[in-house]
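All remarks here apply to the structure that follows.
Protein chains: 2
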Amino acid sequence: MAKTHARDPDAPTWRQRAVSKSLSNARSRAERRIQQLLDAAFELIDEKGSADFTIQEVVDRSKQSLRGFYQYFDGKDELLFALLEENIREATQDLGAAVEAESEPLARLRAFIIRLHEWCEPLGTGRKRGAHNRLPISEFSMQLAVKDPERLVAAMTPVSRMLIELLDAAVAAGAVRVGDTRRAALLVQQTVMYSWLMSRLAGKARVQVSAEDAWAFCLHGLGA
Amino acid sequence: MAKTHARDPDAPTWRQRAVSKSLSNARSRAERRIQQLLDAAFELIDEKGSADFTIQEVVDRSKQSLRGFYQYFDGKDELLFALLEENIREATQDLGAAVEAESEPLARLRAFIIRLHEWCEPLGTGRKRGAHNRLPISEFSMQLAVKDPERLVAAMTPVSRMLIELLDAAVAAGAVRVGDTRRAALLVQQTVMYSWLMSRLAGKARVQVSAEDAWAFCLHGLGA
DNA sequence: CGTGGACTGGCAATCGGATTCTCGTTTCGA
DNA sequence: TCGAAACGAGAATCCGATTGCCAGTCCACG
């Protein structure tokens, strides 16, 4: 669980030493501390199922000081943003792998969409993709979309770029027919990424939008 | 601006009297006060462009007491929810009118989608639809979607129902072909209602998703 | 090896806002 | 007209985030 807890009593001593040695300079030490803060925050999110942990809790759990926290982060929002970036990093890598497993343009696009849908489903029976509860982070990303869209765009660039490339390839192969690829990409991205929001609204009812449904809708929407 | 400001010096005296008389019983008086609180909150939202007004401000502006506020609302969230309901009420009425102006099932569906898109665009050159700045309220509705989906569903029921009926009618007329109408309705609703979010992410770029784009995407997505 | 400045840990202090509480006053229905 | 309920005005509380303060530590440099 606590990936980088140096104080973890189970961690072998040699590892602690190695870490201490290799991280003996100031910059590395700072990075290690930042990582500990992030880990602590992830743990708290997983436990509480929401982002309403207090900075104090994060600091206590990561055995650091409040002073230190504000040394590295300008505030709680910056911490959350960092968590969001971590998540996107992880997802991007996984999406890349999923796409590479296919060769046909349309199949690659499909793989991407299905996988993205899975990543964006913050509930599910058991946090299938990714190591952490993503609900509170998705929530934060929406706030960000409203308060500071550019920041979010920047963070999502890797994913958006991948989608646009896949769409372009599919268009080139004649698998789909769209006018403006970027515009289409927006609609697809929205349909897939936020369908969890709608699924949630469907609620109890047996109406659930699956990854397949989203794919089918996008496929036709793109004029395949 | 201040629809129900009894203290408005410009308001004719006879109106004040009429209001006082007709609202002389407790229940009506309470309703008038609630309305004043809502009006004050709308004004503050319009002025600030965000929902970060304080309860104190609302109370001061509506010439009421903090005590009174908490008499009628369980907290700030309840106030925001009331504002959301007002908005939905207004939008529903307008959507109904837009739909009634058409007779062909597909044209009615189209009218609905285009108009809904306009309502959900909280920016625009000048708050085209509705009397108030809706951005902060949209923002609140997303929080609600996460924290208490059922509440939001309940509030949106009129709109959802209308969409489902239009879809059913279109299906019956053979204008579109979908399996599960409700599922399709979710996807459409999502595509239309939250495209402003994506438009915002597109940002500066000349990539903007218009109501027409959303309509086209939905139309194909539904297999027309 | 010594030292000054940067980094830290641990708190207490400050701040902004929501929510509650207190206590006279006013209002309204019976 | 009487008493309960509602009201107005503030003061008082609560909660967290964010800052300020001060005394120990660490580290690069001379």
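Chains as they are written, first to last, in my numbering: chain Z, 535 to 758; chain H, 535 to 758.
Where is the CB? At the ideal position from N, CA and C, for every residue including glycine.
Only a predicted model underlies this, so the values are computations on that prediction, with no experimental measurement involved.
CA nearest to the CA of residue i, picked from the options
i: residue 707(H); options: 596(H), 626(H) and 640(H); result: 640(H)
i: residue 652(Z); options: 753(Z), 743(Z), 755(Z) and 758(Z); result: 743(Z)
i: residue 715(Z); options: 630(Z), 699(Z) and 724(Z); result: 699(Z)
i: residue 604(Z); options: 564(Z), 750(Z) and 683(Z); result: 564(Z)
i: residue 703(Z); options: 646(Z), 681(Z) and 663(Z); result: 646(Z)
i: residue 733(Z); options: 683(H), 705(H), 709(H) and 735(H); result: 683(H)
i: residue 728(Z); options: 753(Z), 679(Z) and 561(Z); result: 679(Z)
i: residue 685(H); options: 601(H), 749(H), 619(H) and 745(H); result: 619(H)
i: residue 705(H); options: 570(H), 623(H), 601(H) and 753(H); result: 753(H)
i: residue 625(H); options: 655(H), 570(H) and 681(H); result: 655(H)
Residue i versus residue j: straight-line alpha-carbon distance, rounded
i: residue 649(H); j: residue 731(H); result: 17 angstroms
i: residue 595(H); j: residue 631(Z); result: 57 angstroms
i: residue 572(Z); j: residue 720(H); result: 35 angstroms
i: residue 597(Z); j: residue 664(H); result: 52 angstroms
i: residue 599(Z); j: residue 607(Z); result: 12 angstroms
i: residue 748(H); j: residue 722(Z); result: 11 angstroms
i: residue 576(Z); j: residue 670(Z); result: 10 angstroms
i: residue 581(H); j: residue 621(Z); result: 36 angstroms
i: residue 745(Z); j: residue 751(Z); result: 10 angstroms
i: residue 601(Z); j: residue 593(Z); result: 9 angstroms
i: residue 559(Z); j: residue 627(Z); result: 29 angstroms
i: residue 570(Z); j: residue 681(Z); result: 28 angstroms
i: residue 562(H); j: residue 623(Z); result: 56 angstroms
i: residue 566(H); j: residue 741(Z); result: 40 angstroms
i: residue 629(H); j: residue 589(Z); result: 45 angstroms
Residue j beta carbon less than 9 angstroms from that of residue i
i: residue 574(H); j: residue 591(H); result: yes
i: residue 725(H); j: residue 755(H); result: yes
i: residue 568(H); j: residue 667(H); result: no
i: residue 643(Z); j: residue 712(Z); result: no
i: residue 718(H); j: residue 735(H); result: no
Using a beta-carbon distance cut-off of less than 7 angstroms, what residues from the segment 675-689 of chain H approach chain Z?
-> 676, 679, 680, 683, 684, 686 and 687
So does the segment 632-649 of chain H actually touch the segment 602-615 of chain H, counting three or more Cβ pairs closer than 8 angstroms?
-> no
Would you say the segment 662-679 of chain Z touches the segment 573-587 of chain Z, given that touching needs at least three Cβ pairs under 8 angstroms?
-> yes
Contact the segment 677-693 of chain H vs the segment 686-702 of chain Z: 3+ CB pairs below 8 angstroms = no
Going along the chain, which residues of the segment 715-738 of chain H sit with their C-beta nearer than 7 angstroms to a C-beta in chain Z?
-> 716, 717, 720, 721, 723, 724, 725, 728, 729, 731, 732, 734, 735, 736 and 737
Residues of the segment 594-624 of chain Z whose Cβ lies closer than 8 angstroms to any Cβ of chain H, in chain order | none
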